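Below: one structure, written as structure tokens.
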Amino acid sequence: MIMAWAKFKSLGEEDNEQPLAIRYEGFYHDMNHRDLGQSINNCLEEDIFKKDVVHRSAVWFSGWSCSKVGDPDVIFSLNYSPIKKERFFCHEPEEKIIGKFFNDEIVLNDLEFISNWENEKIRIPTCLFYENILLDIVAEKKVLIHCDAGRDRTGAISALLIAMASEKAGLLDERMINAIECDYRKTESLIEDKYGRMSNFIRNLINGGGVNEFLTQKCNLPTNIISKASERILSSF
Numbered sequence: 001m002i003m004a005w006a007k008f009k010s011l012g013e014e015d016n017e018q019p020l021a022i023r024y025e026g027f028y029h030d031m032n033h034r035d036l037g038q039s040i041n042n043c044l045e046e047d048i049f050k051k052d053v054v055h056r057s058a059v060w061f062s063g064w065s066c067s068k069v070g071d072p073d074v075i076f077s078l079n080y081s082p083i084k085k086e087r088f089f090c091h092e093p094e095e096k097i098i099g100k101f102f103n104d105e106i107v108l109n110d111l112e113f114i115s116n117w118e119n120e121k122i123r124i125p126t127c128l129f130y131e132n133i134l135l136d137i138v139a140e141k142k143v144l145i146h147c148d149a150g151r152d153r154t155g156a157i158s159a160l161l162i163a164m165a166s167e168k169a170g171l172l173d174e175r176m177i178n179a180i181e182c183d184y185r186k187t188e189s190l191i192e193d194k195y196g197r198m199s200n201f202i203r204n205l206i207n208g209g210g211v212n213e214f215l216t217q218k219c220n221l222p223t224n225i226i227s228k229a230s231e232r233i234l235s236s237f
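As structure tokens, this is what we get:
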């Protein structure tokens with residue numbers, strides 16, 4: 001009955017002829033959902049970041065109620081495939097929130113490795129994702145970021161958001177880096193071989209001139225957008 005309801009809710013729904021994806025596993029599969037600010041606060045054992053600004057999850061929410069993933073205003077689908085062309089979404093009572101994407105050519109992967117940002121086919125869509133996430137944060141929209149497992153791609157963008165805001169406030173120290181890694185390791189599907197990926201990612205950015213310098217150079221992000229988004233992410237600025 002529940003599976004039939006999920007299918008019924010999505011009948012006839014397409015966006016520019018791209019099918020909406022229903023993940024029936026969402027009935028029994030862990031969403032790997034968490035409020036990013038709350039998660040980092042828990043890792044720090046201190047309230048530094050606002051709650052209900054950014055949420056993160058795996059893809060299993062697609063086709064189900066938005067309440068399963070924090071009732072987002074906007075969704076960013078880092079796992080969009082230009083081959084499959086599936087759109088990921090959740091249900092509000094009167095509408096569907098459909099995930100945005102910016103990668104028309106390739107599937108994005110391994111965003112936590114700085115060398116991959118040298119590839120324009122990766123850098124340009126990733127920067128578009130990041131800039132639009134910041135703009136929605138500034139507009140006070142509740143953002144959901146997801147990929148397939150809600151682990152590596154979602155982890156890289158989540159790490160960038162926390163590191164960006166922390167650096168802007170002078171809080172990006174080893175304790176904060178460890179909190180970013182702590183949030184990453186909350187994903188049950190994470191294997192031990194991947195431990196340290198997010199902390200190394202942020203340390204490499206710092207050693208290369210800083211997180212915000214990286215975002216400015218690679219994505220040409222205006223400093224005022226970085227500042228405004230950082231202010232929205234932090235409890236106090």
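In terms of UniProt numbering, the sequence shown is residues 1 to 237.
Note that the Cβ used here is the ideal one computed from N, Cα and C, for glycine as well.
The structure displayed is predicted, hence computed values, not measured ones.
Check	Outcome
How many angstroms separate the CA atom of S166 from the CA atom of S81?	32 Å
Which residue comes first and which comes last in the alpha helix (DSSP H) that contains K96?	Per DSSP, K96 belongs to no alpha helix (DSSP H); it is in the beta strand (DSSP E), 96-98.
Helix, strand or coil: how does DSSP classify A139 here?	coil
Is S199 helix, strand or coil when you go by DSSP?	helix
Please state whether DSSP places R23 in a helix, a strand or coil.	coil
In the DSSP assignment, find the unbroken beta strand (DSSP E) run with residue 239 in it and report its ends.	There is simply no residue 239 to check, as the chain begins at 1 and stops at 237 in what is shown.
By DSSP's criteria, F49 is part of a beta bridge. Which residues make up the other side?	L234
Where do the ends of the beta strand (DSSP E) carrying S57 lie?	54-57
Return yes when the Cβ of F49 is within less than 8 Å of the Cβ of L221, no when it is not.	no
Going by beta carbon distance, what residues of the same chain come within less than 7 Å of T187, once the five residues before and after it are set aside?	N32, A149, G150, R151
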